Amino acid sequence: MNAISLDSLDLAALLCSRVCHDVISPVGAIVNALEVLEEDDPSMRDFALELIKKSARNASARLQFARLAFGAAGSAGAMIDLGDAGNVANGFLNDEKLSLDWDAPRALLPKNQVKLLLNLLVIAAQAVPRGGKLVSRATVEGEQGSFEITASGSHARIPAHVEELLAGNAPGGAIDAHAVQPVYTGMVARAAGMEISVSIEGETVTIKAARPA
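Here the working numbering is used: the first residue of the sequence shown is 1, the next is one more, and so on.
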């Protein structure tokens, strides 16, 4: 494993590629449904309209999540409401395969802590590729939060190389748009002064983040 060397331009490009990848699928479905409507087939009209509604909601949820998880979200000293974070997390992660149990007080936290929590949820979702349940617990003391997320489901596993990527290391020191998300998560954790631990027991992966004792 080698330390990742990544300048700001490369980081921005990889994150943009990651966000675009997440949004392409629902937007593409909308385009396909519009093409079906243009064929003026009455038997397909209801199906196409329902697909447009579902895909538009999906795209909106993904963009709202990305705005908080990857975006600037205001000035350097910005605070984010955990309630707002919970709303976008539920919209993004709850679907036919995955459910999210969000437990956090309605409190303001520094933006990097909230961004860290949202990014850890992405990693937790990747830990249950066949679907399952995420449980996110946050405790807050003053302006300091600590987080514990469990991901339970069939064939749960710690995503490949995620611990090394969180620490800023990768084979050959190079990363792609897929690997940039855990790398970015580790960068946000360090900026927030928090440490991440990942463990697995049976079919449950546990991710914790807290300020060092």
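From the three backbone atoms N, C-alpha and C, an ideal C-beta is built for every residue, glycine too.
Note that the coordinates shown come from a computational prediction; the quantities given were computed from them, not determined experimentally.
Check the DSSP bridge columns for residue i and list the partner residues they point to.
i      : result
Gln64  : Paired residues: none, contrary to the question.
Gly132 : Leu98
Lys53  : BP columns for Lys53 are empty, so no partner.
Asp84  : DSSP lists no partner for Asp84.
Leu166 : Per DSSP, none; premise fails for Leu166.
Pop quiz: residue i and residue j are said to be a contact at Cβ under 8 Å. What is the actual Cβ separation, rounded to whole angstroms?
i      : j      : result
Ala170 : Ala160 : Rounded, the Cβ-Cβ distance is 11 Å, inconsistent with contact.
Thr185 : Asn112 : About 11 Å separates the two Cβ atoms, so there is no contact after all.
Ser99  : Val128 : In fact, because the Cβ distance is near 10 Å, the residues do not count as touching under 8 Å.
Using only CA atoms, which one of the options lies nearest to residue i?
i      : options                           : result
Ile200 : Asp7, Asp95 and Lys208            : Lys208
Lys97  : Arg67, Ser17 and Ala125           : Ala125
Leu49  : Val23, Arg211, Val188 and Val31   : Val31
Arg130 : Thr139, Ala156, Ser136 and Glu148 : Ala156
Val122 : Asp46, Asp176, Val162 and Ala56   : Val162
Ala192 : Pro42, Leu116 and Glu164          : Leu116
Glu195 : Val183, Val188, Arg211 and Met187 : Arg211
Under DSSP, the alpha helix (DSSP H) around residue i begins and ends at which residues?
i      : result
Val216 : Nothing about residue 216 can be read from this structure; the chain reaches only from 1 to 213.
Ala125 : Lys111 to Gln126
Taking the beta strand (DSSP E) that residue i belongs to, which residues open and close that run?
i      : result
Val23  : Unbroken run through Val23 is the alpha helix (DSSP H), Ser8 to Glu38; no beta strand (DSSP E).
Ala151 : Gln144 to Ser152
Ala160 : Taken as a continuous stretch (DSSP letters only), Ala160 belongs to no beta strand (DSSP E), as it is neither H nor E.
Discussion item. Counting beta carbon pairs with one atom in the segment 63-70 and one in the segment 81-99, are three or more of them shorter than 8 Å?
Written reply: By the criterion of at least three beta-carbon pairs nearer than 8 Å, the segment 81-99 is in contact with the segment 63-70.
Worksheet item: Do the segment 136-145 and the segment 101-111 make contact, defined as three or more Cβ pairs closer than 8 Å?
Response: Enough Cβ pairs lie closer than 8 Å, so yes.
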